[in-house]
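Just below is one structure, and these are the notes that go with it.
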Amino acid sequence: MEKKQCSIDWLIDQIKNVDNQKNLTGAQWIDVVEQAKAMHKEEIINSYEDGHLMGSSNLENTGKQHYYETFGGNNE
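Numbering-wise, the sequence shown is residues 0 to 75 according to numbering that gives the first Met the number 0.
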């Protein structure tokens, strides 16, 4: 199984990247952070669904429902 890089590690790599430090504008850094947040959201959704499916064949909430109930925000 291929290991994936988690969103936090990815964000840290982006911050440590010297080229990013020199070249990214404030707006581009906001985009980097938004991308990391989207990655993290997907990690939470996938983890919930993977864990729930392993424990029960009856999936009452989807990972997205769990995410929005726990963290709020738009149900996109």
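Even glycine gets a Cβ: it sits at the ideal position worked out from N, Cα and C.
What's the gap between the Cα of Lys63 and the Cα of Ile44?
Locating residue 63 in the sequence shown gives position 64, counting from the first residue. Locating residue 44 in the sequence shown gives position 45, counting from the first residue. Spanning the two alpha carbons is a distance of roughly 6 angstroms.
Between the C-alpha atoms of Val32 and Leu10, what's the straight-line distance to the nearest angstrom?
Here residue 32 refers to the residue found at position 33 of the sequence shown. Here residue 10 refers to the residue found at position 11 of the sequence shown. Those two C-alpha atoms are separated by around 7 angstroms.
Please check the pair Cys5 and Glu41, which I expect to be a contact at CB under 8 angstroms, by giving their CB distance rounded to whole angstroms.
Within the sequence shown, the letter at position 6 stands for residue 5. Within the sequence shown, the letter at position 42 stands for residue 41. Not a contact, Cβ separation roughly 11 angstroms.
Boundaries (first-last residue) of the alpha helix (DSSP H) holding Glu68:
Stepping through the sequence shown from its first residue, residue 68 is reached at position 69. Unbroken alpha helix (DSSP H) run through Glu68: 62-70.
Where does Glu1 sit, in a helix, a strand or coil, going by DSSP?
Locating residue 1 in the sequence shown gives position 2, where the first residue counts as 1. DSSP places Glu1 in coil when its eight states are reduced to three.
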